[in-house]
Amino acid sequence: MTVIEPAPHHARAAVPPLAARTRSVGGSPVRDILAVTARPEVINFAGGLPAPELFDREGIAAAFRDVLAETPAQALQYSVTEGEPGLRSGLAARMAAHGLATDADDLLVTTGSQQGLSLLATALLEPGDTVLVEDPCYLAALQAFGLAGARVVAVPGDADGVDPQALEDLVARERPKLFYTVPTFQNPTGRTLPAERRAAVARVAARTGVWIVEDDPYGELRYEGERVPWIASYPGAEDRTALLGSFSKVMAPGIRLGWLRAPAALRRACVVAKQAADLHTPTVNQLAAARYLTGLDAHVARVRDVYRERRDAMLAGLPGALPEGSAWNRPEGGMFLWARLPKAYDTTALLPKVVRHDVAYVPGAPFYAGAPDHSTLRLCFVTQTPEEIGEGLSRLAEGLRA
209 MTVIEPAPHH ARAAVPPLAA RTRSVGGSPV RDILAVTARP EVINFAGGLP APELFDREGI
269 AAAFRDVLAE TPAQALQYSV TEGEPGLRSG LAARMAAHGL ATDADDLLVT TGSQQGLSLL
329 ATALLEPGDT VLVEDPCYLA ALQAFGLAGA RVVAVPGDAD GVDPQALEDL VARERPKLFY
389 TVPTFQNPTG RTLPAERRAA VARVAARTGV WIVEDDPYGE LRYEGERVPW IASYPGAEDR
449 TALLGSFSKV MAPGIRLGWL RAPAALRRAC VVAKQAADLH TPTVNQLAAA RYLTGLDAHV
509 ARVRDVYRER RDAMLAGLPG ALPEGSAWNR PEGGMFLWAR LPKAYDTTAL LPKVVRHDVA
569 YVPGAPFYAG APDHSTLRLC FVTQTPEEIG EGLSRLAEGL RA
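So for the sequence shown, the working numbering puts the first residue at 209; every next one is plus one.
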């Protein structure tokens, strides 16, 4: 009998390399910072986390208990990819109440709105396609488009958001597949695109044929001013806008529920992509969220009152915390405030020194698809109490002076 000797350990062949797209797209700098600043003594303005003490634990627990008591077989079973009909109907009614006529069949329930971004990237993008984004831009969107192999180009803007004329010029020159925007309380800047610019963006899409991906995770967190309609509701955008929404900032991120409203052909393509990704979003979470919808507005109103107070506390403390010559915005809602220090400051280089004072922020540079502004930073104001915000800003001032 022939005996085959095992190959020596050093002779083992290497496994094939990782896909190039996973090697070329880095991780999230925000999550890297959160890992470094996880010590409980750190006052962390870096994250984009809702305040956990405001989660409606009793209301959400009751919704889960009722679902499991009344419809356990349905709640624990597989479901349709598109999402539970009751949840889609409830979401459609909420959107229609805000001026955007929507049927349940217009919606796809996703595992967080981040999955919606990934599904849209899969459905719309080929490697090498061009995507236009705001500058600065939501980090995880840059990741999703990068993993799809897209070429990302930044559209210039100002304190009010993207410049529609610059958008039209870039569409003509770059021939992109889509333009991605967070027009309401944008991450990272907190700015809101005015109504007239939204109408202009819709007209650009109508004239040029570019898709609009409108991401709206923060829209219900308004503390002052009047609500601005979704871009999807403006003439010209109806058949070329995918609108993303999320329960993460208004209910709880751990439930991982979002939704996607899109024209039929694009929505069907996203359904196929979702079937390949996870079959469907967890049934029990969907049913509990549908049950909770009746109390959501009252909960969001309570959250808004607390977040408004925290925003105001941060705005009051910034003049004494940031160096002379700094500038910052006053967001009408959302979770973030954007600041620009004098040009001599590099917020990325300064961060390790600041963290030694037990406070943290996110440097602005990673949010730029174009040339970064190294003097910028993002501050999240919703996770800490006004007292903690005051202490954190004092520490920030010390760290910036060190």
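Even glycine gets a Cβ: it sits at the ideal position worked out from N, Cα and C.
So which of GLY572, ALA485, GLY427 has the shortest CA-CA distance to SER454?
-> GLY427
Tell me, which residues are paired with PHE544 by DSSP?
-> CYS588
With DSSP run on the structure shown, which of helix, strand or coil describes PRO571?
-> strand
Between THR397 and PRO344, is the Cβ-Cβ spacing less than 8 Å?
-> yes
Using CA coordinates, which residue listed in SER326, PRO260, VAL563, ALA358 is at the minimum distance from GLU334?
-> ALA358
According to DSSP, which residues form a beta bridge with ALA450?
-> VAL421
Residue(s) in a DSSP beta bridge with ALA362 | VAL341
If we ignore side chains and look at the alpha-carbon of each, how far apart do PHE353 and VAL562 end up?
-> 32 Å
Between the CA atoms of LEU495 and GLN285 - distance to the nearest angstrom | 11 Å
Would you mind stating whether PHE544 and LEU587 have Cβ atoms separated by less than 8 Å?
-> yes
Of the residues VAL379, GLU261, ALA277, the one placed nearest ASP337, counting alpha carbons only = VAL379
Pick out the complete alpha helix (DSSP H) segments inside the region 420-500, 4 residues or longer, and give them in chain order.
-> 472-485
Cut-off 7 Å between Cβ atoms - residues of its own chain near ALA408, not counting five sequence neighbours on either side = PRO372
Do the region 556-571 and the region 473-492 make contact, defined as three or more Cβ pairs closer than 8 Å?
-> no
Burial state of GLY369 (16 or more Cβ within 10 Å) | buried
Enclosing beta strand (DSSP E) for PHE387 [first to last residue] | 386-389
Quick one: Cα of LEU375 to Cα of ARG383, how far?
-> 11 Å
Taking the alpha helix (DSSP H) that LEU315 falls in, what are its first and last residues?
-> No alpha helix (DSSP H) contains LEU315, which is instead part of the beta strand (DSSP E) from 315-318.
Where the alpha helix (DSSP H) through VAL275 begins and ends | 265-278
Reduced DSSP category for VAL370 - H, G, I as helix; E, B as strand; rest coil = strand
Give the DSSP-derived three-state secondary structure of ALA610 in the structure shown.
-> coil
Taking C-beta to C-beta, are ARG405 and ASN537 nearer than 8 Å?
-> no
Which residue's Cα is closest to the Cα of GLU606: ALA222, ALA246, PRO560?
-> PRO560
Rounded to the nearest angstrom, how far is the Cβ of GLU434 from that of GLN394, given a contact under 8 Å?
-> At roughly 17 Å, the Cβ-Cβ gap does not stay under 8 Å, so GLU434 and GLN394 are not in contact.
Assuming LEU325 contacts LEU452 (C-beta within less than 8 Å), just tell me the rounded distance between them.
-> 7 Å
Any idea what DSSP makes of ALA309, helix, strand or coil?
-> coil
Taking Cβ positions, are LYS482 and LEU316 nearer each other than 8 Å?
-> yes
Closest to ASP274 by CA distance: which of LEU523, ARG499, PRO539 is it?
-> ARG499
Exposed or buried, which one is THR319 when buried takes at least 16 other CB atoms within 10 Å?
-> buried
Reduced DSSP secondary structure (H/G/I, E/B, other) of ALA535 = strand
Answer yes if the region 241-255 comes into contact with the region 442-449, meaning at least three C-beta pairs across the two stretches below 8 Å, and no otherwise.
-> no
In its own chain, which residues sit with a C-beta less than 7 Å from the C-beta of VAL508, not counting the 5 before and 5 after it?
-> GLU428, VAL458
Using the rule of at least 16 other Cβ atoms within 10 Å of the residue's Cβ for burial, across every protein chain shown, is LYS551 buried or exposed?
-> exposed
Quickly, what does DSSP pair ASN395 with across the bridge? List them, please.
-> Answer by DSSP bridge pairing: none, since ASN395 is not bridged.
Within this structure, are the beta carbons of CYS478 and LEU327 separated by less than 8 Å?
-> yes
Can you grab the Cα-Cα spacing for the pair ASP505 / ALA470, in whole Å?
-> 24 Å
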